[in-house]
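Okay, so the sequence shown: first residue is 44 according to our numbering, each after it adds one.
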Amino acid sequence: SKIILRLGVPTGIQMITTSMAGLVIVGLVNRFGAHATAAYGAVNQVLNYIQFPAISISIAASIFAAQAIGAGKSDLLARVTRTALGMNFLFTGALIALGYLFSKYLMALFITDPTVVVLGQQLLFIVLWAILFFGAGAIFASIMRASGTVTVPMLINISAILFIEMPCAYWFSSMWGLKGIWVAYALAFVSLCIIQGLYYQFIWKKKKIKVLI
Numbered sequence: 044s045k046i047i048l049r050l051g052v053p054t055g056i057q058m059i060t061t062s063m064a065g066l067v068i069v070g071l072v073n074r075f076g077a078h079a080t081a082a083y084g085a086v087n088q089v090l091n092y093i094q095f096p097a098i099s100i101s102i103a104a105s106i107f108a109a110q111a112i113g114a115g116k117s118d119l120l121a122r123v124t125r126t127a128l129g130m131n132f133l134f135t136g137a138l139i140a141l142g143y144l145f146s147k148y149l150m151a152l153f154i155t156d157p158t159v160v161v162l163g164q165q166l167l168f169i170v171l172w173a174i175l176f177f178g179a180g181a182i183f184a185s186i187m188r189a190s191g192t193v194t195v196p197m198l199i200n201i202s203a204i205l206f207i208e209m210p211c212a213y214w215f216s217s218m219w220g221l222k223g224i225w226v227a228y229a230l231a232f233v234s235l236c237i238i239q240g241l242y243y244q245f246i247w248k249k250k251k252i253k254v255l256i
């Protein structure tokens, strides 16, 4: 039970922080009117689908990493990570490309107002490419969590939200309007990926990996 709490509590804290940050972002979006709110909701729907491969791959990577650790084959972790990153680039990248090509039709699945469709397209163009970095960051975090390293990935994620996404969303939206919020999202995804990757490469990989159970 102690192991479950040690692994589960940080993840729960991260999820709560993400949800609370989402509420604050919605508040910022609402300042720009009904069209902005509608576009925000539609873009989030599209992003949720495009993120599916990245999330699924990160979960699978965590499972394979845990199996390798349990079998005493920690030397396989690097291969698991490389394979997961390659699959993220391939599958998530393909969906991102389709998202750019068919952005108008994807927006039209959720909204009918032509003005909002155009606005949604513009927001998608700003943030879609950054989903690749979102996926890579999730993979690094999942591999580390498989070894029981959960606190640092959580702190990195929360820091990216509190010190990059939130301040930048407020600052950029005051300069560039609604589009600034999506620039902040993209910047947070990229920053999160870089920091998770650096910690994974230069600190976590040098640690001795132990079986949790």
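Note that beta-carbon positions come from the ideal geometry of N, C-alpha and C, so glycine has one too.
Through-space distance from K116 to I199, alpha-carbon basis: If you number the sequence shown from 1, residue 199 lands on position 156. If you number the sequence shown from 1, residue 116 lands on position 73. Those two C-alpha atoms are separated by around 27 Å.
Which runs of the alpha helix (DSSP H) fall wholly inside the stretch 140-188 and span at least 4 residues, in chain order? 146-151, 157-170
Could you check how far apart the C-beta atoms of I68 and I224 are, in whole angstroms? I think they sit under 8 Å. The count along the sequence shown starts at 1 and reaches residue 68 at position 25. The count along the sequence shown starts at 1 and reaches residue 224 at position 181. Rounded, the Cβ-Cβ distance is 6 Å, consistent with contact.
May I ask you to verify whether the stretch 53-64 touches the stretch 198-218, counting CB pairs closer than 8 Å and requiring at least 3? yes
Ignoring anything shorter than 4 residues or poking outside the stretch 71-152, list the alpha helix (DSSP H) runs there in chain order. The stretch 71-152 contains these whole alpha helix (DSSP H) runs: 77-113, 120-130, 136-144, 146-151.
Cβ-based burial, L144 [other Cβ within 10 Å; buried from 16]: Residue 144 sits at position 101 when you count from the first residue of the sequence shown. Of the other Cβ atoms in all chains shown, fewer than 16 fall within 10 Å of the Cβ of L144; this residue is therefore exposed.
Between which two residues does the alpha helix (DSSP H) carrying W247 extend? The residue given as residue 247 occupies position 204 in the sequence shown. No alpha helix (DSSP H) holds W247; DSSP gives it neither H nor E.
Tell whether a beta-carbon distance below 8 Å holds between I139 and L162. By one-based count along the sequence shown, residue 139 stands at place 96. By one-based count along the sequence shown, residue 162 stands at place 119. Not in contact: I139 and L162 (Cβ atoms no closer than 8 Å).
Can the beta-carbon of V226 be found less than 8 Å from the beta-carbon of I169? For this step, residue 226 is matched to residue 183 along the sequence shown. For this step, residue 169 is matched to residue 126 along the sequence shown. Yes, the Cβ-Cβ distance between V226 and I169 is below 8 Å.
For V123, I'd like the list of residues in its chain whose CB is within less than 8 Å of its CB, leaving aside the five on either flank, ordered along the chain. Translated into the one-based positions of the sequence shown, residue 123 becomes position 80. Cβ neighbours of V123 beyond the five flanking positions: A104, F107, A108, A111, I186.
Collapsed DSSP secondary structure at K222 in the structure displayed: Position 179 of the sequence shown, counted from the start, is the residue given in the question as residue 222. In this structure, K222 counts as helix in the three-state DSSP scheme.
Sufficient close CB pairs (3 or more, under 8 Å) joining the stretch 206-222 to the stretch 144-160: no
Taking one C-beta from the stretch 73-80 and one from the stretch 227-247 each time, how about it: are there three or more such pairs within less than 8 Å? no
Nearest to E208 by CA position, among I246, N131, F232, is which residue? Along the sequence shown, read from residue 1 onward, the residue named residue 208 stands at position 165. Of the listed residues, the one whose Cα sits closest to E208 is F232.
Sequence-distant residues of its chain with Cβ nearer than 8 Å to R49 (five each side left out): Walking along the sequence shown from the start, residue 49 turns up at place 6. Excluding residues within five positions, the ones whose Cβ falls inside 8 Å are G191, V193.
Mind checking whether Q239 and A184 have CB atoms under 8 Å apart? Your numbering for residue 239 matches position 196 in the sequence shown. Your numbering for residue 184 matches position 141 in the sequence shown. Yes, the pair counts as a contact, with Cβ atoms nearer than the cut-off.
If you run the structure through DSSP and keep just helix, strand and coil, what is K45? Indexing the sequence shown from 1 puts residue 45 at position 2. Of the three classes helix, strand and coil, the one that applies to K45 here is helix, per DSSP.
With DSSP run on the structure shown, which of helix, strand or coil describes I252? Reading the sequence shown from its first residue, position 209 is the one you call residue 252. Coil at I252, not helix or strand.
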